[in-house]
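Peer 1: Protein chains in written order, with the working numbering: chain A, 11 to 552; chain B, 4 to 326. Supplied in structure tokens, the structure appears directly below.
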């Protein structure tokens with residue numbers, strides 16, 4: 011090889027290390043943290059986190075900037091008035107069964123120095139309950155009848171009915187906005203653009219800057235009335251690609267990341283790096299096989315196979331769900347009982363999910379006339395129709411694609427032919443909404459409140475894609491919701507009824523695996539909003 | 004020449020218009036709409052869906068949507084991105100510099116290194132160096148860009164720790180840091196993605212240049228130049244290369260739009276905040292306004308690059324005459 015080429019190679023090898031930029035890694039100043047996420051926060055402003063902006067990224071940043079009246083406590087119990095912790099409101103009390111009174115902490119200030127008053131709460135709730143601008147929020151706060159100020163620091167919430175989650179409804183769905191900056195503006199998002207570009211909040215961190223498509227920078231609010239954060243600077247960095255996120259962590263250019271995506275080897279890679287630790291957090295993510303009760307081509311007719319409860323039960327019993335979870339999620343998931351994610355408080359004390367039972371599954375199928383008459387490995391009914399079903403899976407979910415392959419094999423053992431139909435996410439959702447599937451591999455993100463189950467698991471629930479309908483189960487659910495206390499037994503009655511009807515095979519409730527640099531000694535990550543306790547983290551080690 | 008130029012410009016405008024109409028129709032014909040993607044994992048109530056349909060004007064007939072889009076093209080208002088909640092023009096304008104920087108650096112590397120190596124190969128035809136470079140360039144050409152990106156990020160960024168593995172700048176570097184520090188930081192972030200893009204495209208430039216120069220070196224006037232005793236370096240670069248560079252101009256016209264819009268994987272793996280990754284995520288989430296904005300830009304680039312290539316030929320090659 012000629013001398014010039016040698017010279018170029020030598021220059022690269024010798025000069026390589028010198029190319030590293032002047033600011034090398036996140037670890038230069040221990041009081042900084044760089045969190046890398048897969049999605050950009052575009053509108054981290056309460057009441058605007060709606061529709062396409064209803065993303066975890068927006069919520070995570072909004073939780074650093076804005077405070078709610080009260081927060082859900084460590085037990086994640088959303089019912090009753092006791093499982094909550096003070097934030098903007100230093101205390102709350104009940105006047106009667108439909109009236110809650112909050113006293114705002116007089117020390118609370120907006121980032122621009124203005125005091126936070128009851129006027130801010132009334133203004134925010136007015137926006138949140140306006141269905142023309144925030145239909146989602148308006149729907150979830152529909153049971154609030156009125157919000158009124160009594161003096162500068164007292165707010166009174168009145169509810170339309172008695173139920174256990176009044177405090178949750180009053181405080182969880184939206185943080186409080188500064189009325190003095192927004193009151194004069196029309197409610198549209200466009201009108202709020204300057205505020206969205208530079209939000210003024212009340213939380214432990216204040217806005218510094220946004221570099222579009224790259225990162226958001228926040229700085230500690232040293233005047234934060236609940237205590238100045240020890241971590242002084244927060245960078246929320248965006249890397250859509252999972253490999254890029256992991257590379258940033260491994261190279262030391264990021265200190266922490268949200269849920270490490272599958273496959274499990276990604277977690278192993280991060281774990282093997284000495285400077286990183288793993289932290290598991292209960293998630294709102296629930297995976298299940300949704301059975302269609304109706305014929306996909308004629309929605310007015312019952313499904314020729316899946317309308318039969320015994321067949322659905324047989325399919326569930328044919329699955330080794332523990333094996334599925336272990337194979338794909340490793341130790342970071344569990345088999346749920348009913349449609350209950352790992353963050354819902356009602357999962358405690360619930361019965362265990364039924365284990366695989368191939369003999370019973372075969373017996374149930376044979377009892378309903380499904381027998382392998384031509385000995386080709388697939389059962390047929392008396393009319394010669396094969397026990398063949400489609401499973402629709404979104405191609406974006408590697409996890410579900412992996413599980414689908416195992417499920418296909420497990421059902422083959424009981425003579426069920428399952429064809430996995432891999433669909434582009436937009437097409438998959440469209441087909442799911444239209445009821446155009448036999449079995450759908452669904453994964454839902456649940457609210458922290460179990461009352462959200464009404465959305466998908468009641469006869470009239472708008473998210474009831476499989477058309478499961480059991481009025482008895484509905485009444486059990488609504489009884490649990492309407493109970494004035496946090497009574498798990500009522501919820502478990504509902505879950506038992508759902509499990510008996512077998513509208514779906516509930517496969518996994520996931521634990522999210524976060525990674526954080528070891529120089530952060532005591533790390534608390536919250537299930538609903540992972541980084542919302544960041545301001546309480548003690549000072550990192552140098 | 005002027006008449007030709009006008010005709011060529013009109014052709015370019017026509018091509019651009021057809022491309023835009025086709026993209027609009029194809030996007031709307033594709034199954035799934037922006038709202039179906041929004042409901043993945045978080046089903047919405049019918050009231051919410053209806054509100055969003057109205058908000059994004061998806062309740063309008065397709066002809067009305069098209070008329071609005073065309074009107075927007077002329078007024079510079081391409082709508083608001085459904086996914087990002089920002090005006091499409093703002094988003095494109097904020098991402099374009101990153102794409103131009105990456106594409107520009109890759110083209111610069113491609114054409115400086117590619118032309119130089121192509122000339123060296125032609126001059127040393129059949130030598131060990133020629134064979135080695137051919138082998139290396141073809142290996143680079145055959146390497147998938149995403150794989151190469153992952154390997155480079157792992158080797159150079161993580162194992163050796165020489166260069167940043169992702170992003171366009173260090174977020175911890177203060178925005179008021181000295182410009183030299185910021186420029187060095189950005190340059191360091193640029194190396195790996197630009198190198199990845201160039202390695203997979205440089206082979207084409209080298210092969211084109213090598214073959215074009217070999218053709219020219221065979222011509223009688225080169226022999227005459229050598230017979231006159233002109234130094235070999237001058238024969239190659241002053242006499243031969245100037246006539247051998249024209250085929251490469253065609254290649255430049257082809258690479259230009261590809262490097263701006265075709266760097267999706269590289270942008271993804273290196274978290275480069277450019278248009279490629281933005282357009283790719285917009286397409287998968289059916290963010291119609293953003294997809295159309297990006298498509299408009301891409302079509303404009305292709306048509307402009309093609310026009311510029313023709314113009315460059317007309318201006319630089321005295322043998323080419325247009326009428």
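A virtual CB, placed ideally from N, CA and C, is assigned to each residue, including glycine. No experiment lies behind these values; they were computed from the predicted model shown.
Using 8 Å for Cβ pairs, my map puts residue 515(A) next to residue 299(A). What's the rounded Cβ distance?
Peer 2: One-based indexing of the first chain puts residue 515(A) at position 505. One-based indexing of the first chain puts residue 299(A) at position 289. So it is a contact: roughly 4 Å between Cβ atoms.
Peer 1: Residues in its own chain within less than 8 Å of residue 252(B) by CB, not counting five upstream and five downstream?
Peer 2: Position 249 of the second chain holds residue 252(B). Same-chain partners within the cutoff: 312, 315, 316 and 319.
Peer 1: Could you tell me which uninterrupted beta strand (DSSP E) segments, each at least 3 residues in length, are contained entirely in the stretch 409–492 of chain A, listed from first to last along the chain?
Peer 2: Whole beta strand (DSSP E) segments, 3+ residues: 427–433 and 449–455.
Peer 1: Establish whether the CB of residue 284(B) and some CB of chain A are separated by less than 9 Å.
Peer 2: The count along the second chain starts at 1 and reaches residue 284(B) at position 281. Yes - at least one Cβ of chain A is within 9 Å of the one on residue 284(B).
Peer 1: Taking a cut of 7 Å between CB atoms, which residues from the stretch 460–472 of chain A lie near chain B?
Peer 2: Of all residues in the stretch 460–472 of chain A, 465, 466 and 472 have a Cβ within less than 7 Å of some Cβ in chain B.
Peer 1: At 8 Å on the CB atoms, spell out the chain A contacts of residue 153(B), in chain order.
Peer 2: By 1-based counting over the second chain, the position of residue 153(B) is 150. Going along chain A in sequence order, the residues near residue 153(B) (Cβ under 8 Å) are 253.
Peer 1: When the cut-off is 9 Å and only beta carbons count, does residue 273(B) lie next to chain A?
Peer 2: Working through the second chain from its first residue, we reach residue 273(B) at position 270. Cβ-Cβ to chain A under 9 Å: yes for residue 273(B).
Peer 1: With a threshold of 9 Å between beta carbons, is residue 280(B) in contact with chain A?
Peer 2: Mapped onto the second chain, residue 280(B) falls at position 277. Chain A, which has a Cβ nearer than 9 Å to the Cβ of residue 280(B), makes this yes.
Peer 1: Excluding five sequence neighbours on each side, which residues of the same chain lie with their C-beta closer than 7 Å to the C-beta of residue 441(A)?
Peer 2: Position 431 of the first chain, counted from the start, is the residue given in the question as residue 441(A). The residues are 402, 433 and 447.
Peer 1: Work out the CA separation of residue 89(A) and residue 157(A) for me, nearest whole Å.
Peer 2: Residue mapping note: residue 157(A) aligns to position 147 of the first chain, counting from 1. Residue mapping note: residue 89(A) aligns to position 79 of the first chain, counting from 1. Rounded to the nearest angstrom, the two C-alpha atoms are 20 Å apart.
Peer 1: Counting contacts by CB-CB distance shorter than 9 Å, is residue 258(A) in contact with chain B?
Peer 2: Residue mapping note: residue 258(A) aligns to position 248 of the first chain, counting from 1. Cβ-Cβ to chain B under 9 Å: yes for residue 258(A).
Peer 1: What residue range is occupied by the uninterrupted alpha helix (DSSP H) comprising residue 198(A)?
Peer 2: To locate residue 198(A), count along the first chain from 1; it is residue 188. That residue, residue 198(A), is in no alpha helix (DSSP H); it is neither H nor E in DSSP.
Peer 1: Buried or exposed: where does residue 22(A) fall if 16 or more other Cβ atoms within 10 Å of its Cβ makes it buried?
Peer 2: For this step, residue 22(A) is matched to residue 12 along the first chain. Note that residue 22(A) has pLDDT 48, beneath the 50 cutoff, so the model's placement of it is unreliable and the number below is only indicative. Looking at its Cβ environment, which holds fewer than 16 other Cβ atoms inside 10 Å, residue 22(A) is exposed.
Peer 1: So which residues of chain B does residue 412(A) contact, with C-beta pairs closer than 9 Å?
Peer 2: Here the question's residue 412(A) lines up with position 402 in the first chain. Here the premise fails: no neighbours, minimum Cβ distance about 18 Å.
Peer 1: What three-state label does DSSP hand residue 253(B) in the structure shown?
Peer 2: Walking along the second chain from the start, residue 253(B) turns up at place 250. Three-state result, residue 253(B): helix.
Peer 1: Rounded to the nearest angstrom, what separates residue 173(A) and residue 46(A) at their Cα positions?
Peer 2: Here residue 173(A) is taken as the residue at index 163 of the first chain, counted from 1. Here residue 46(A) is taken as the residue at index 36 of the first chain, counted from 1. Going by the C-alpha atoms only, they are around 39 Å apart.
Peer 1: Check whether the Cβ of residue 154(A) lies closer than 9 Å to any Cβ atom in chain B.
Peer 2: Taking the first residue of the first chain as 1, we reach residue 154(A) at position 144. False, the Cβ-Cβ gap to chain B never drops below 9 Å.
Peer 1: Residues in the same chain with beta-carbon distance under 7 Å from residue 185(A), minus the five sequence neighbours each way, listed in chain order, please.
Peer 2: Here residue 185(A) refers to the residue found at position 175 when the first chain is read from its first residue. Closer than 7 Å at the Cβ level, and outside the excluded window around residue 185(A), lie 56, 72, 76, 77 and 78.
Peer 1: In chain order, what residues of the same chain have a beta carbon less than 7 Å from the beta carbon of residue 166(A), not counting five sequence neighbours either side?
Peer 2: The count along the first chain starts at 1 and reaches residue 166(A) at position 156. Only 109, 111, 158 and 160 meet the Cβ criterion.
Peer 1: Helix or strand or just coil, what does DSSP make of residue 103(A)?
Peer 2: The count along the first chain starts at 1 and reaches residue 103(A) at position 93. Three-state result, residue 103(A): strand.
Peer 1: Can you tell me where the beta strand (DSSP E) with residue 527(A) in it begins and where it stops?
Peer 2: As a working note, residue 527(A) is residue 517 in the first chain. Segment 514–527, the beta strand (DSSP E) holding residue 527(A).
Peer 1: Can you tell me the Cα-Cα spacing of residue 131(A) and residue 113(A), whole angstroms?
Peer 2: Position 121 of the first chain, counted from the start, is the residue given in the question as residue 131(A). Position 103 of the first chain, counted from the start, is the residue given in the question as residue 113(A). Distance between the alpha carbons of residue 131(A) and residue 113(A): 11 Å.
Peer 1: Check whether the stretch 259–271 of chain A touches the stretch 302–313 of chain A, counting contact only when three or more Cβ pairs, one atom from each stretch, lie closer than 8 Å.
Peer 2: They do not touch, by the three-pair rule.
Peer 1: Applying the 10 Å Cβ sphere with the 16-neighbour rule, what's the burial state of residue 271(B)?
Peer 2: As a first step, residue 271(B) is located in the second chain; it is residue number 268 there, counting from the start. With 16 or more Cβ atoms within 10 Å of its Cβ, residue 271(B) is classed as buried.
Peer 1: When DSSP labels each residue in this structure, what does residue 165(A) get in the three-state scheme?
Peer 2: Here residue 165(A) corresponds to residue number 155 of the first chain, with the count starting at 1. Residue state, collapsed to three classes: strand.
Peer 1: Hey, is the stretch 518–528 of chain A in contact with the stretch 498–507 of chain A, meaning 3+ C-beta pairs nearer than 8 Å?
Peer 2: Flag = no, the stretch 518–528 of chain A and the stretch 498–507 of chain A do not touch.
Peer 1: Answer yes if the stretch 531–547 of chain A comes into contact with the stretch 232–239 of chain A, meaning at least three C-beta pairs across the two stretches below 8 Å, and no otherwise.
Peer 2: Because the criterion of three Cβ pairs below 8 Å is met, the stretch 232–239 of chain A and the stretch 531–547 of chain A touch.
Peer 1: When the distance is taken between beta carbons, is residue 115(A) closer than 9 Å to residue 96(A)?
Peer 2: In the first chain, residue 96(A) corresponds to position 86, counting from 1. In the first chain, residue 115(A) corresponds to position 105, counting from 1. Cβ atoms of residue 96(A) and residue 115(A): closer than 9 Å.
Peer 1: Below 9 Å between beta carbons: does that hold for residue 39(B) and residue 116(B)?
Peer 2: Here residue 39(B) refers to the residue found at position 36 when the second chain is read from its first residue. Here residue 116(B) refers to the residue found at position 113 when the second chain is read from its first residue. Result no, Cβ atoms of residue 39(B) and residue 116(B) do not sit closer than 9 Å.
Peer 1: Who are the neighbours of residue 555(A) on chain B, taking C-beta pairs under 8 Å?
Peer 2: Given a span of 11 to 552 for chain A in the structure shown, any question on residue 555(A) remains unanswerable.
Peer 1: On the premise that residue 275(B) lies in contact with residue 171(B), defined as a C-beta separation below 8 Å, what is that separation, rounded to the nearest angstrom?
Peer 2: Position 168 of the second chain holds residue 171(B). Position 272 of the second chain holds residue 275(B). Rounded, the Cβ-Cβ distance is 6 Å, consistent with contact.
Peer 1: Residue ranges of each alpha helix (DSSP H) run of no fewer than 4 residues wholly in the stretch 318–373 of chain A, ordered along the chain?
Peer 2: Entirely contained in the stretch 318–373 of chain A, the alpha helix (DSSP H) runs reaching 4 residues are, in chain order, 319–328 and 331–339.
Peer 1: Which residue marks the beginning of the alpha helix (DSSP H) containing residue 56(B), and which one marks its end?
Peer 2: Here residue 56(B) corresponds to residue number 53 of the second chain, with the count starting at 1. Start and end: 49–58.
Peer 1: Terminal residues of the continuous beta strand (DSSP E) containing residue 404(A)?
Peer 2: If you number the first chain from 1, residue 404(A) lands on position 394. Residues 398–404.
Peer 1: Taking the alpha carbon of residue 384(A) as the point to measure from, which residue in 362(A), 232(A), 394(A) and 378(A) has its own alpha carbon closest?
Peer 2: Numbered from 1 along the first chain, position 374 holds the residue referred to as residue 384(A). Looking at the Cα atoms, 394(A) is the closest of the given residues.
Peer 1: Ends of the alpha helix (DSSP H) at residue 114(B)?
Peer 2: For the purposes of this step, residue 114(B) is taken as residue 111 along the second chain, with counting starting at 1. Counting along the chain, the alpha helix (DSSP H) containing residue 114(B) begins and ends at 91–126.
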